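Those protein sequence lines, which keep their order, are chains V and B.
Letter 303 of the first sequence, counting from 1, is numbered 376 in our numbering, and no numbers are missing.
Letter 242 of the second sequence, counting from 1, is numbered 370 in our numbering, and no numbers are missing.
Below is one structure, written out as structure tokens; the observations come after it.
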Amino acid sequence: MIHARGLVQTFDTRQGRVRTQVRAVDGVDLDVAEGEVVGFLGPNGAGKTTTLRMLTTLLRPTAGSATVAGHDVVAEPVQVRRAIGYVSQAGGAFSGARAGDEVVDHGMLYGLPRDVVEQRGKALFERMDLPGLWARMPRSMSGGQKRRLDIVMGLIHEPQLVFLDEPTTGLDPQARANLWEHIRDLRDRLGVTVFLTTHYLDEADALSDRIVIIDHGRIVASDTADALKAQVAGDLVDLELVDRDRLADAAQRLATLVDGRSEVEVVDHHVRARVPRAGRSVPGLIRDLDRVGIGLESIEVRRPTLDDVFLSLTGRSLRDADAAGPQEGGPTTALDEAAVPVTPGTATGTPTAGPPPGPTATGSTTPGPTTTQGALR
Amino acid sequence: MTFMRESFIVFRRQLRMNLRNPAWVIIGMLQPVLYLLLFGPLLEPLIDQFGAQNAYTFFVPGMLVQLGVFGAFFAGFSLIGEWREGVIEAERVTPASRTALLVGRLYRDLLQLLVQAVILVALGFALGMVASAEGILLGVLLTLLLGGACAAASNALALSTKSEDVMAPVINMVMMPVLLLSGILLPMTIGPAWLERASDFMPIRHVVDGVRASFVGDLGGSAVLWGGVWALVLFALAIWWGTATFRKENA
């Protein structure tokens with residue numbers, strides 16, 4: 074469905090008098106098969122949106138080529154546009170117009186007759202949990218409703234392929250979970266190929282068949298979430314001891330389970346290590362500890378997360394990369410974020426145009442021993 | 129024809145949003161009325177010095193061009209709001225012609241201008257204007273071309289700057305010389321020679337002269353010819369610029 078080779082996008086930026094060329098996307102190869110749901114993951118400013126804008130014909134590649142839905146993005150942009158739907162970060166429905174009117178006009182720009190668009194639009198409103206909102210203005214919708222309306226607009230011409238750019242940014246956890254259901258439905262019930270960008274690890278994990286990771290404009294990994302996680306050397310086992318004096322002993326016993334690529338870490342009352350297939354080896358370890366009388370305060374076993382994957386691929390955690398974005402990525406970040414209404418400058422600002430949620434909204438991706446998923450009982 | 133259909137869809141959407149905000153429609157209609165009623169009488173005692181016969185036959189064409197130029201210059205502001213909400217991007221991923229996305233918006237501005245022109249001309253007649261039907265038709269046509277050019281330029285500027293804060297001073301900077309050098313309010317011929325020379329370089333001045341000449345009935349004269357040429361040139365340039373920004377519009 075998507076075949077891209079060597080995609081490059083450079084921007085000229087100026088800081089003071091110094092003109093620099095920024096390679097926002099630096100040689101991206103990408104293949105997406107029909108019916109796949111692919112998560113395009115990377116920190117802010119990594120080149121996600123820029124890549125997306127090239128694939129959707131909005132931005133002409135500086136170099137490289139891409140075929141989307143069987144047509145070349147440069148030579149046949151109109152055919153590409155007919156076959157794809159694109160839901161940008163900013164949405165697409167005007168806050169002061171009626172939702173139904175916006176959907177109908179959008180569909181008619183694809184050359185569809187009015188009655189067909191109206192019928193499809195109303196069916197999509199039902200499917201997307203927007204009953205009775207046909208005549209409502211987006212400015213008086215909730216963030217989640219607004220995003221679902223944007224998706225309705227992206228689907229009105231029944232595209233084979235849908236691009237979703239940061240679909241859940243700015244939504245509360247409940248609205249995110251609800252939107253995930255609808256995104257899964259796109260493929261499962263409508264048979265649409267989905268290509269979505271996100272900088273939330275849990276989102277990529279939960280939705281995608283395959284994850285493509287981009288950093289500094291280059292693809293650094295492309296595989297299923299499980300395969301990517303398997304690259305990280307095992308599950309994290311964290312033991313909290315009652316007695317500090319037994320730490321060395323416990324560390325020695327834990328070290329026998331480690332396969333050499335990783336080390337045992339001792340911090341405060343904790344001993345920690347990455348252990349392959351912890352489910353098989355940990356019960357034995359616990360019996361062992363119990364036998365020699367090493368008392369445990371808590372035990373935790375955590376499956377590797379995509380954050381661990383990102384860390385092992387780039388040497389940085391995704392959150393650090395995000396925080397460093399504005400300095401490191403500099404102008405690239407600004408370009409990536411350009412489509413986001415950062416400040417609702419006029420009275421027409423949408424309710425969704427708020428700051429993206431902090432790490433609190435992505436609780437399960439937060440690394441560290443506080444996570445309890447997979448803890449043994 | 130696809131282009132007509134696409135631009136009409138865009139036009140209908142714009143019109144619907146405009147009508148939802150009737151305050152602007154009313155202000156737009158009131159503008160010409162206020163100018164004629166509150167400024168027109170000031171010209172009546174001076175009209176002999178302009179070398180013209182009738183104050184309103186002189187003033188209505190100037191007013192017409194002013195409405196065309198100034199109303200249209202502000203057309204781009206609503207586009208920035210739409211851009212910010214992703215509307216432009218959403219329209220740009222449809223197969224619709226980029227020119228249709230621009231022209232559909234121009235139809236709305238031209239319709240508003242046409243309605244204002246009708247009010248202005250009708251009121252002008254009520255106040256004693258003398259003009260032929262052909263002359264008025266041609267004059268209004270020239271005004272629409274110029275108004276379309278200004279609206280297209282305003283849209284292009286809006287998509288290039290993407291910020292009301294940048295666009296407002298630029299528009300103001302352009303409007304001052306246009307207002308002062310086009311002879312919209314008073315004819316340039318009554319000023320000193322250097323000022324008139326300076327105004328020769330203002331294309332819109334020639335359009336004003338052309339509209340005035342056609343209202344007076346001098347349809348075959350050089351003023352109408354040059355006014356027409358300039359209106360067409362400006363229109364073509366602005367449409368080209370506007371389409372280019374709709375086509376490119378980098379992030």
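We treat Cβ as the ideally placed atom computed from N, Cα and C, and that holds for glycine.
These numbers were taken from a predicted model, which means no experiment stands behind them.
For Thr419 (chain V), which of helix, strand or coil comes out of DSSP?
-> Confidence at Thr419 (chain V) is low in this model, with a pLDDT of 38, below 50, so its placement is unreliable and the value that follows should be read with caution. The answer is coil: DSSP assigns Thr419 (chain V) none of H, G, I, E or B.
Beta carbon of Gly120 (chain V) nearer than 7 angstroms to that of Gly290 (chain V) = Closer than 7 angstroms, so yes.
CB contact below 7 angstroms: Val215 (chain B) versus chain V = So yes, Val215 (chain B) belongs to the interface.
Listed by chain order, chain V residues near Ile137 (chain B) by CB distance under 8 angstroms | Those within 8 angstroms of Ile137 (chain B) in chain V are Asp178, Met181, Leu182.
Closest by C-alpha distance to Leu174 (chain B), when choosing among B:Ala372, B:Ala259, B:Leu365, B:Leu314 = Checked all of B:Ala372, B:Ala259, B:Leu365, B:Leu314; the closest Cα to Leu174 (chain B) is B:Leu314.
Identity of the residue in B:Gly179, B:Gly156, B:Leu158, B:Phe186 nearest Pro169 (chain B) by Cα | Checking every option, the nearest Cα to that of Pro169 (chain B) belongs to B:Phe186.
Proximity test, Cβ basis, 7 angstroms: Ala170 (chain V) and chain B | For Ala170 (chain V), the answer is yes, since a Cβ of chain B falls inside 7 angstroms of its Cβ.
Could you give the DSSP three-state label for Glu276 (chain V): helix, strand or coil?
-> It is helical.
Between Pro399 (chain V) and chain B, is there a C-beta pair that is closer than 7 angstroms?
-> Any reading at Pro399 (chain V) needs caution, since the residue's pLDDT is 41, under 50, leaving its predicted position unreliable; the model's value is listed next. Answer no: the Cβ-Cβ gap between Pro399 (chain V) and chain B never drops below 7 angstroms.
Neighbour list for Ser161 (chain V) in chain B, Cβ cutoff strictly below 9 angstroms | Residues of chain B passing the Cβ test: Gly214, Glu217, Ala218, Val221.
Tell me the DSSP bridge mates of Ile286 (chain V)?
-> DSSP lists V:Leu114, V:Ala294 as partners of Ile286 (chain V).
Spatial distance of Ser135 (chain B) from Val243 (chain B) (CA atoms) = So the alpha carbons of these two residues sit roughly 20 angstroms apart.
Tell me, please, which residues DSSP counts as bridged to Ile175 (chain B).
-> Beta-bridge pairing links Ile175 (chain B) to no other residue.
Taking DSSP as the reference, what is the three-state secondary structure of Leu205 (chain V)?
-> According to the sequence provided, residue 205 (chain V) is Gly. The question's Leu does not apply to it. Of the three classes helix, strand and coil, the one that applies to Gly205 (chain V) here is coil, per DSSP.
May I ask whether a heavy atom of the ligand SAH can be found less than 6 angstroms away from the beta carbon of Ile312 (chain B)?
-> In terms of ligand content, the structure shown is empty, and the ligand SAH therefore cannot be addressed.
Please state whether DSSP places Gly214 (chain B) in a helix, a strand or coil.
-> DSSP, read as helix, strand or coil, puts Gly214 (chain B) in coil.
Helix, strand or coil for Glu401 (chain V), going by three-state DSSP, please let me know.
-> Residue placement at Glu401 (chain V) cannot be trusted, given a pLDDT of 36 that sits under 50; what the coordinates show is reported in the next sentence. Taken through DSSP and simplified to helix, strand or coil, Glu401 (chain V) comes out as helix.
Alpha carbon to alpha carbon, how far is Ser225 (chain B) from Tyr273 (chain V)?
-> Going by the C-alpha atoms only, they are around 36 angstroms apart.
Can you round the beta-carbon distance between Asp328 (chain B) and Ala351 (chain B) to whole angstroms, since I take them to be within the 8 angstroms contact cut?
-> About 13 angstroms; that fails the 8 angstroms criterion.
Secondary structure at Glu109 (chain V), three-state DSSP: helix, strand or coil?
-> It is coil, neither helix nor strand.
CB contact check: Thr371 (chain B) to chain V, cutoff 7 angstroms = With 7 angstroms as the cut-off, Thr371 (chain B) does not count as an interface residue toward chain V.
Taking Cβ positions, are Gly355 (chain B) and Val335 (chain B) nearer each other than 7 angstroms?
-> Yes; because the gap between Cβ atoms is below 7 angstroms, this pair is in contact.
Who are the near neighbours of Gly164 (chain V) in its chain, counting only those whose CB is closer than 6 angstroms to its CB and skipping five residues on each side?
-> Only Asp223 meet the Cβ criterion.
CB contact check: Met145 (chain B) to chain V, cutoff 7 angstroms | Closer than 7 angstroms to some Cβ of chain V, the Cβ of Met145 (chain B) qualifies, so yes.
Please check the pair Leu252 (chain V) and Thr241 (chain V), which I expect to be a contact at CB under 8 angstroms, by giving their CB distance rounded to whole angstroms.
-> Yes, they are in contact, since the Cβ atoms of Leu252 (chain V) and Thr241 (chain V) sit about 5 angstroms apart, within 8 angstroms.
Going by DSSP, name the residue or residues bridged to Thr271 (chain V).
-> Beta-bridge pairing links Thr271 (chain V) to V:Leu114.
Is there at least one Cβ from chain V nearer than 7 angstroms to Ala224 (chain B)'s Cβ?
-> With 7 angstroms as the cut-off, Ala224 (chain B) counts as an interface residue toward chain V.
Can a CB atom of chain A be found closer than 7 angstroms to the CB of Arg141 (chain B)?
-> Absent here is chain A; the protein component of the structure consists of chains V and B.
Same chain, Cβ closer than 7 angstroms to Leu362 (chain V), five either side skipped, listed in chain order | Contacts found: Ala323, Arg326, Leu369.
Mapping DSSP to helix, strand and coil, what is Ala407 (chain V)?
-> Because the pLDDT of Ala407 (chain V) is 36, which lies under 50, any placement of that residue in the model is unreliable, and the question is left without a value.
Cβ-based contacts, 7 angstroms cut-off: residues of the stretch 220-236 of chain V near chain B | Flagged, chain order: Met226.
What separation, rounded to the nearest whole angstrom, lies between the Cα atoms of Leu80 (chain V) and Asp102 (chain V)?
-> The alpha-carbon atoms of Leu80 (chain V) and Asp102 (chain V) are separated by roughly 7 angstroms.
From which residue to which residue does the beta strand (DSSP E) around Glu373 (chain V) run?
-> Looking at the DSSP string, the run of the beta strand (DSSP E) that includes Glu373 (chain V) is 369-375.
7 angstroms Cβ cutoff, Arg96 (chain V) in contact with chain B = Interface flag for Arg96 (chain V) against chain B is unset, since no Cβ pair is found closer than 7 angstroms.
C-beta neighbour in chain B for Gly73 (chain V), strict 7 angstroms = Residue numbering for chain V in the displayed model covers 74 to 450; residue 73 (chain V) lies beyond these limits and cannot be assessed.
Just reading off the beta strand (DSSP E) that Leu309 (chain V) is part of, what are its end residues?
-> Counting along the chain, the unbroken beta strand (DSSP E) around Leu309 (chain V) starts and ends at 308-314.
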